[in-house]
Structure formats: structure tokens, C-alpha cells
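Visitor:
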Amino acid sequence: MSAMSTAGRQADRDVGLGRLVIDDLRRARLNRGTLRELEELYRFYVDDEARRRLASMGRIKRAFWVLGWLLKSLLLKLSPGRALMLVAAMVLVLFEQLEFAVGVTQIETHPRIWAFLLLLLVLMLELKDKLLARDEIDVARQVQLALLPQRQPNVPGWSVWSYTRPANDVGGDLVDYLEFGADRVGIVLGDVAGKGLGAALLTAKLQATLRAVAPECTSLDELGHRANAILFRDGLDNRFATMFYLELEGHDGRVRYLNAGHNPPCVVGPGRAEQLHASSLPLGMMETASYSEGALDLRPGDVLLAYSDGLTEATNERDEEFGVERVERLLPEIRELAPDQAGPRVLREVDRFLGDLRPGDDLSLVIIRRDS
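Using the numbering used here, read the sequence shown as starting at 4 and increasing by one per residue.
Shown next, in the form of C-alpha cells:
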């Protein structure tokens, strides 16, 4: 989120990113796909405090420590029955042969076979749970897609293009249009803290809240206040949403907007370049937060680019972020393109920057151009 950096990412930087372990993996000359999966596994199981401890260890000690930590974390995340089966499988692997007495008969067994069967059983049980969860997430994805705008708004004198891409099957970014009559539309770009199913549910809450209260609000100050009160009342601890909201009217360059803790959108035009910085806290963070409406005049040819932090915080394999500077370097080119051409141009640039890496956060764009 723009209001605060991801804790895990900051902890990585504090200890050289946990780059110590990652560099050790690279020295093992693993192929890129395997290395990427091991990096994700490391970041999933090793918490921030553990990463800091790794910074002071030598390579050999670090390797044994990480192996032990991963094993302990794995056992703690399994159910007791499955953890017991995994321990039994590991014990069996330590022995070449076991003998069980049945009456007066000695029966030789092959412990590695039994260990394999136990491991196979644990994997099958975990796969069953994953497939059931996958079915539920597929339904959630279909619902989320159904809630997205099915077409771009048609506002006389304006061109609008939007896009959203979740990092996982469902995401925590919101792009929505609220129509108030034939020539007036509200455009929303929201970003809920976190990602995945929990963020997606809160995104649906934010969307429903805005659609319910926006038509009744006489100012964007009131819209921010009412939306914040509802999200604070019904939300969860450490869950909040940044939001950029603006309203367009046909053939009128006067734009009202509200930036609640969101990344500053960029406005670029002939002889013009500025950012619309946040004037309010994210929604749902503080009950007493105040919200203030902003306004600007867009001239024919001016372009506004709003984005979620999945753009600027996209991180490549060298642990470099895409950053605001790269976005700003794209602005002169974006100004010369129609929104439906400028958007794909930005996406191609960030995908080229990521290379083979999977995006680590949801990414959304809204591009608005005043035509006349």
C-alpha cells in the first residue's frame, strides 16, 4: 500500500533482503524456475525476525538453520495427524531396515517404502484441501469479475480506459464507475491492504459502500467521511483501503476528486506536469479521519494517470522497484497516445521490467484524457 510499505519487504531490506540465503541458492546453479520457487518458499516460511538473525550467520550455519526452520514451520502448519505422519516418514528414512516380531516370525520390512507411502498420503491429503479451496476461489473470482465494469464509460468530451490485474486469482484492487445521469460519472480506483481472498472481500465491501452512499452525497468530503465510517465500523484490524475518486462531466474540464491515502495520480499536458497528492488518510484506518475534496481544471489534450502501488512497487529479480521515476519517464509518451493505447504501453513496460517473475501485488490503471 502507498500508506505503508509491506512489512516483509522492509525486513528483507533491513538484512540485505535475506539476500544472503537467496545468493546461496543461486550459487547452487539451480535453473531459474526452481530458484524462483525456492525463493517464494523461503519468503513464505521464514518470518521477518528470522531473516534478521540470518544476517549474522556464516553460510554453512545459515544453511542448516534455514533447513531446520523450514522443517519446523512445515510441521506447525500441518494438522497434528499429518504432522505425525510426516515425522514417522522421516524416522523411517533414517533406518535401512526394521524388523517387527509377530509371534515367533520375523518379518523384514523396507522402511523407505513405508516412508514413501506416508509422504504420498500427506501430499494427497494436502492436495485434496488445495483443490477444494481452489474451487471456492474460482467461484470468488467469477463473482469478482462480474462486479467489474463491463464497458468503459461514455462521457462527452472525455476518453477513459481502465485495467486491473490481481496478483493471485482474486485481488484487492477496485476499479469501478458510478453513473449519475447521462453526462456525469464517478471513477474509483481503490487498493485494499493485502491481497488474496480477504482483500477481495473487503474490496466488494468498499464497492457496495460507494455505490450506496455516493448518489446521496453533496460533496466528496461527505463521501469520504461516510465511506470511512462504514469501513471502520465493519472492517478488521490492520485492514484499510486507499482510494482515488473523481467525477467527470460531459464537455466540462472542471474535475472534482478525493485522494484518500492513495498514490498520487499524475496529470500531464502541454506545458503541464503535476501530481495529485493525498489530502486524507486511507479509509477505515481512523474513525476520526477527515476528508477534503480537491479540484482541478483539465484542458483539451491533458491526461490523468492513476495507478495502484502494484505498478510502482513491482520488483524485478535484482530486487529493484519499478518506481515513480520510471512512471514519470513514460508520461510524455502517454500524453501522445489515446488511453486505450497508453494503458497497454505501460503494462508492456512493467512486464518487461519484471521479466519472468510473477507480479507480487495487484496492479490497476485508470487513464483519462480530455478530448474537447
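Every residue, glycine too, gets a C-beta built ideally from N, C-alpha and C.
#1: Determine, for Glu331, whether the minimum Cβ-Cβ distance to residues of chain D falls below 8 Å.
#2: Got a sec, what are the start and stop residues for the beta strand (DSSP E) Gln278 sits in?
#3: Between the Cα of Gln344 and those of Gly84, Ser165, Asp354 and Val146, spot the shortest distance and give me the residue it belongs to.
#4: Rounded to a whole number of angstroms, what is the C-alpha to C-alpha distance between Ser59 and Ala53?
#5: Have a look at Glu320, Ala230 and Pro218 and flag the residue whose alpha-carbon is nearest the alpha-carbon of Thr206.
#6: Report all residues from its chain with a CB closer than 6 Å to the CB of Arg292; omit the five preceding and five following residues, and keep chain order.
#7: Rounding to the nearest angstrom, what Cα-Cα distance links Asn319 and Val195 in this structure?
#8: Please report the straight-line C-alpha distance between Leu41 and Gly160, rounded to a whole angstrom.
#9: Nearest by alpha-carbon distance to Gly84: which of Trp72, Pro114 and Val125 is it?
#10: Helix, strand or coil: which one does DSSP assign to Leu286?
#11: In terms of residue numbering, what span does the beta strand (DSSP E) encompassing Arg187 cover?
#12: Go through its chain and collect everything with a Cβ distance to Leu357's Cβ below 7 Å, but skip five positions before and after it.
#13: Classify Tyr294 as helix, strand or coil using the three-state DSSP reduction.
#14: Return the CA-CA distance between Lys208 and Leu192, expressed in angstroms with no decimal places.
#15: For the putative contact between Gly189 and Ala217, defined by C-beta atoms under 8 Å, what is the C-beta separation to the nearest angstrom?
#16: Based on the DSSP output, what are the partners of Thr245 in its beta bridges?
Guide: In short, the structure shows the following:
#1: Among the chains of the structure shown, chain D does not appear; only one protein chain is present.
#2: Here the beta strand (DSSP E) through Gln278 covers Arg275 to Gln278.
#3: Ser165
#4: 11 Å
#5: Ala230
#6: Checking the sequence, you will find Ala at residue 292 rather than Arg. These residues qualify, in order along the chain: Asn231 and Leu284.
#7: 23 Å
#8: 51 Å
#9: Val125
#10: strand
#11: Arg187 to Val195
#12: Ala317 and Asn319
#13: Coil.
#14: In this model, Lys208 and Leu192 are separated by some 14 Å (Cα to Cα).
#15: 6 Å
#16: Asp194
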